[in-house]
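Residue numbers (our numbering), protein chains in the order written: chain A, 1 to 315; chain B, 1 to 315; chain C, 1 to 315.
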Amino acid sequence: MNAPRPGTPAADASQHLIGLHDMPAARMTALLDRAQYFAEGHDARQALAGIAICTLFFEPSTRTRLSFQLAAQRLGADVLNFDASTSSTSKGETALDTLRTIEAMGVRGFVVRHKEDGAVAALAAAAAPGTAVVNAGDGRSAHPTQGLLDMLTLRQAKGPDFSHLKVLVVGDVRHSRVARSDLHALRALGAGEIRVCGPKALLPDDGTLDGCAVSGDFDASLAGVDAVMMLRLQRERMEDGLVDSLEDYHRDYGLTVARLARAAPDAIVMHPGPMNRGVEITDEVADGPQSRVLRQVGNGVAVRMAVLEALLGAR
Amino acid sequence: MNAPRPGTPAADASQHLIGLHDMPAARMTALLDRAQYFAEGHDARQALAGIAICTLFFEPSTRTRLSFQLAAQRLGADVLNFDASTSSTSKGETALDTLRTIEAMGVRGFVVRHKEDGAVAALAAAAAPGTAVVNAGDGRSAHPTQGLLDMLTLRQAKGPDFSHLKVLVVGDVRHSRVARSDLHALRALGAGEIRVCGPKALLPDDGTLDGCAVSGDFDASLAGVDAVMMLRLQRERMEDGLVDSLEDYHRDYGLTVARLARAAPDAIVMHPGPMNRGVEITDEVADGPQSRVLRQVGNGVAVRMAVLEALLGAR
Amino acid sequence: MNAPRPGTPAADASQHLIGLHDMPAARMTALLDRAQYFAEGHDARQALAGIAICTLFFEPSTRTRLSFQLAAQRLGADVLNFDASTSSTSKGETALDTLRTIEAMGVRGFVVRHKEDGAVAALAAAAAPGTAVVNAGDGRSAHPTQGLLDMLTLRQAKGPDFSHLKVLVVGDVRHSRVARSDLHALRALGAGEIRVCGPKALLPDDGTLDGCAVSGDFDASLAGVDAVMMLRLQRERMEDGLVDSLEDYHRDYGLTVARLARAAPDAIVMHPGPMNRGVEITDEVADGPQSRVLRQVGNGVAVRMAVLEALLGAR
């Protein structure tokens, strides 16, 4: 599902989904179209009948695992869960041995989460030709299905033409794989204006924000935007000394009803969850009429269905 | 599945199963009739085909979870397990956010266990209109499917007319959600005489025992009863200082073959499990001809099938 | 699946699979024939439709559990996982109560692992007539499906006639249930020569090696063999004082490319996994052309399908 490298046949290029940085807009749009079909309640119980898929999480995440599991079930696949954060790797087996072993059992698809950047890509590179690896989040690098589900949510609210949209991403972009995948997708789909806002210590300086309008002033950044994509503030940031206190963070970067009034009247609010209510977002906004947080969750299953079907279905 | 409140349409009233205190006898009987059909080995693999059910246990219980899982599988549902005692709520997410998130993924049924009284009812009250919540045990309040499976077991042994039955409930009624659900069900089905026996410190004084014949004398209470429902003695009761020792408890309230001889000759013995063998019940009784302990376990799956089908099947 | 005891009807004898010590060669061959069919990619999704199988692991092993789970799914069974190493037995319930309880829920097949020798056989002896118990490894005694999958792997490489084969088993035979099951199977199928090699402290003196050519000299033992079956070195052996260091062990009993050159040119290398790379086997050998390690893993699913189908399918 990565863009074809020169000289690489297209079929090989779409064996895995590692990130969105090199996915062509046409492929992204096709996945979103199919995801929209699934989001409307359609199943495809024969699509992956007889195919086994394993979730392989080296970093725990029940929500994301359940979402992929539901997606696989609605496609008729057999689903296995391997919690690598607690189980077999305690015997000293490497991640690659674990993947190859389960692959040798006949499992065709792997949904992998890992705390290290690039770990999922490395596993995918070593997988057998018939195996598909989907990145369910690696380090700070990428969380491509989250990026896609956010685009689906935006599209449902604002239509397929992103060229007039002003989108604001707020918070700890520096440590966020969600933000990186969102930014790649917004660029690919031609978003009109991408703004990024957060405390300087939480913004990356590595080219991630190229082409974005960057600011530390939340109130100013909100002016007239069509969508606000809030990020979760990890509590480790306090321990890292990057944020002084939750109170300070909330005062400067917490989304309240009063602040949201600066955005366009029909602006939508998104958050990848789980939310720190009272920190980066208030209850009123999280549960308010402009929130699309639960819609994002539902779209997550639909997007994962589209991805698994595209990678593992009959070709 | 709760009794209709005035002005509330019946369909809404039967959205959830929280407790048995307000379930009309007619509804209870209909569920038991359907459970009897399932107990005879029938499946209904199409009943919940395409419907996803999630077990959501904030307090661990492998036995009850497996029983619900088997019930859901025999109805053709997709089953997910969420062990909330270890996993995601560590990120600070509330129980309600967890339920709403999984609900947003398209899950239609939740089987919830929680250590706090009323927690399951609170979650049910906040669930979406199409969602069904089944209480798999909350605090000391209710364990309605256990109550129903106990009634099914009684009915199989003694027939559908409970008006001539003498039933004895023995042990730590004060801390037992099983006992509370059993007492509600026995009253609803018109049991002739309900006796309760246990040490004073383990009997409730809150109205739970209204209408029951209460005694601290186990030998006397057993005289002529048709069924003995033993309760599990939690070891915490020693730490609480409510019970002196397991030996003392066994001497006064342990069911032995000799004691059981005081009951009716065809009396049955029940226990919700897991049993403390040698404490509240001896091996000879637990494994003897009058024991219905394993029958109760089998009936548990049947009752849970009937409940899930009634709440989530085509209406 | 054990050999009939005198006076015992055959049907009863094949209720369980506990070990290979008493399995007739004809039955073993029939299972391997069927496993070969499954290894070629065939499913039998109706074979166990509607039948529930529970993995019941009192000692954790994710790999073996996943392999059985995949096998059961490809036979259409409902699969439940019970991690007895962490869950319910914490309430003091015995292993037998746990099995009987899940059996009473309608589960027909149990895949059991236990750290104590004979524990699985004891559970099987107490199971109900219609229940099948498969030993997924008990203590040092037996791991029969591993023995069968190793035979299937040998047969695929060397053909069905074992009478001319020289097979070498290397390592900690004393503590290995895998080795014991392999030796039983090799004898049953008439292997021409069985050699065993390892440090004296890790070889059993209890009759396990009767009829084998035993040596402490790895280089000499390798001469001309058709198959090398390496065993995993548990790190506990150092703590036990049975092995001085991993370096010493590797020097004396590690399989390297140079050493492997002493075997027959077309010799195959096997290992039950997970491998201690750099200890009992080098990367070059583990991933080399003579390695059948991943083939063994694939054969594991096929063998387990054959076993579950034989024990639980329509008779």
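Ideal placement from N, C-alpha and C gives every residue a C-beta, glycine not left out.
Checklist line | Rounded Cβ spacing between histidine 271 (chain C) and valine 133 (chain C) (contact assumed at less than 8 angstroms) | finding: That belief does not hold up - the Cβ atoms of histidine 271 (chain C) and valine 133 (chain C) are roughly 27 angstroms apart, past 8 angstroms.
Next item on the list: Could you tell me whether the segment 223-233 of chain C touches the segment 260-275 of chain C, using the rule of 3 or more Cβ pairs below 8 angstroms?
Entry: yes
Next item on the list: Can you tell me which of the three DSSP states isoleucine 102 (chain A) falls into?
Entry: helix
Check: Are any of the Cβ atoms in chain C nearer than 8 angstroms to that of arginine 290 (chain B)?
Finding: The sequence shown places glutamine at residue 290 (chain B), rather than the arginine named in the question. No, glutamine 290 (chain B) does not count as interfacial toward chain C.
Check: Quick one: what's got a C-beta closer than 7 angstroms to glutamine 290 (chain A)'s C-beta in the same chain, skipping five residues either side?
Finding: Leu260, Ala267, Ile268 and Val269
Next item on the list: For valine 297 (chain A), count neighbouring Cβ atoms within 10 angstroms of its own Cβ and tell me buried if that reaches 16, exposed if not.
Entry: buried
Item checked: Minimum C-alpha distance to threonine 204 (chain C) - residue among C:Val170, C:Asp287, C:Ala191 and C:Ala124 -> According to the sequence provided, residue 204 (chain C) is proline. The question's threonine does not apply to it. Proline 204 (chain C) has its Cα closest to that of C:Val170, out of C:Val170, C:Asp287, C:Ala191 and C:Ala124.
Item checked: Under 9 angstroms by beta carbon: chain C residues contacting alanine 52 (chain A) -> Leu70, Gln73 and Arg74
Item checked: Nearest neighbour of glutamate 309 (chain B), chosen from B:Leu20, B:Tyr37, B:Pro160 and B:Ala26 [CA to CA] -> B:Tyr37
Check: Which of helix, strand or coil does DSSP assign to leucine 56 (chain A)?
Finding: strand
Check: What is the residue span of the beta strand (DSSP E) that phenylalanine 184 (chain B) lies within?
Finding: Sequence inspection shows histidine at residue 184 (chain B); the phenylalanine mentioned does not correspond to that position. Not the beta strand (DSSP E): histidine 184 (chain B) falls in the alpha helix (DSSP H), residues 177-188.
Notebook entry, point to check: Applying a beta-carbon distance threshold of less than 8 angstroms, which residues of chain B neighbour leucine 66 (chain A)?
Noted result: Cys54, Leu80, Phe82, Ile102 and Met105
Notebook entry, point to check: In the structure shown, what three-state DSSP assignment does glycine 137 (chain C) receive?
Noted result: strand
Next item on the list: Report all residues from its chain with a CB closer than 8 angstroms to the CB of histidine 250 (chain C); omit the five preceding and five following residues, and keep chain order.
Entry: Gly278, Val279 and Glu280
Note to self: If the cut-off is 9 angstroms on Cβ atoms, which residues from the segment 270-281 of chain B count as contacting chain C, listed in chain order?
What the structure shows: Gly273, Pro274, Met275, Asn276 and Arg277
Margin query: Between histidine 184 (chain C) and leucine 32 (chain C), how many whole angstroms is the CB-CB distance? I'm expecting something under 8 angstroms.
Written below: That belief does not hold up - the Cβ atoms of histidine 184 (chain C) and leucine 32 (chain C) are roughly 14 angstroms apart, past 8 angstroms.
Margin query: Less than 8 angstroms between CB atoms is the rule here; does aspartate 43 (chain A) satisfy it with respect to chain F?
Written below: Absent from the structure is chain F; the protein chains it does hold are A, B and C.
Next item on the list: Note down the Cα distance separating glycine 159 (chain A) from alanine 302 (chain A), rounded to an integer number of angstroms.
Entry: 18 angstroms
Item checked: Extent of the continuous alpha helix (DSSP H) run through alanine 157 (chain C) -> 144-158
Next item on the list: Out of B:Asp43, B:Ser85, B:Arg295 and B:Ala124, state which residue places its alpha-carbon closest to the alpha-carbon of glutamate 103 (chain B).
Entry: B:Ala124
Checklist line | Limits of the alpha helix (DSSP H) - the one that arginine 251 (chain B) falls within | finding: 246-253
Next item on the list: Note down the Cα distance separating valine 120 (chain A) from threonine 64 (chain C), rounded to an integer number of angstroms.
Entry: 24 angstroms
Next item on the list: Locate the alpha helix (DSSP H) running through asparagine 299 (chain C), then write down its first and last residues.
Entry: 293-312
Margin query: Classify glutamine 146 (chain A): buried if its beta carbon has 16 or more other beta carbons within 10 angstroms, exposed otherwise.
Written below: buried
Notebook entry, point to check: Which residue's Cα is closest to the Cα of methionine 305 (chain C): C:Gly207, C:Ala25 and C:Arg34?
Noted result: C:Arg34
Checklist line | Element boundaries [beta strand (DSSP E), containing valine 196 (chain A)] | finding: 193-197
Note to self: Using a 10 Å radius around the Cβ and a threshold of 16 neighbouring Cβ atoms, would you call aspartate 287 (chain A) buried or exposed?
What the structure shows: exposed
Notebook entry, point to check: Within the chosen definition, does the segment 188-204 of chain B reach the segment 213-224 of chain B through at least 3 CB pairs nearer than 8 angstroms?
Noted result: yes
Notebook entry, point to check: What is the DSSP secondary structure of alanine 263 (chain A), reduced to helix, strand or coil?
Noted result: coil
Next item on the list: Taking threonine 282 (chain C) and leucine 255 (chain C) to be in contact with their CB atoms under 8 angstroms, please state how far apart those CB atoms are, rounded to whole angstroms.
Entry: 7 angstroms
Note to self: Can you tell me whether aspartate 78 (chain A) is helix, strand or coil according to DSSP?
What the structure shows: strand
Next item on the list: Just the C-alpha distance for aspartate 161 (chain A) and arginine 155 (chain A), rounded to the nearest angstrom, thanks.
Entry: 8 angstroms
Notebook entry, point to check: Among B:Ala127, B:Met238 and B:Ala52, which one has its Cα closest to the Cα of alanine 71 (chain A)?
Noted result: B:Ala52
Checklist line | Residues that glycine 298 (chain B) contacts on chain C, provided the C-beta gap is smaller than 7 angstroms | finding: Ala104, Met105 and Gly106
Note to self: Just to confirm, is the Cβ distance from arginine 237 (chain A) to aspartate 172 (chain A) under 8 angstroms?
What the structure shows: yes
Notebook entry, point to check: Looking at the structure shown, is valine 225 (chain B) part of a helix, part of a strand, or coil, going by DSSP?
Noted result: coil
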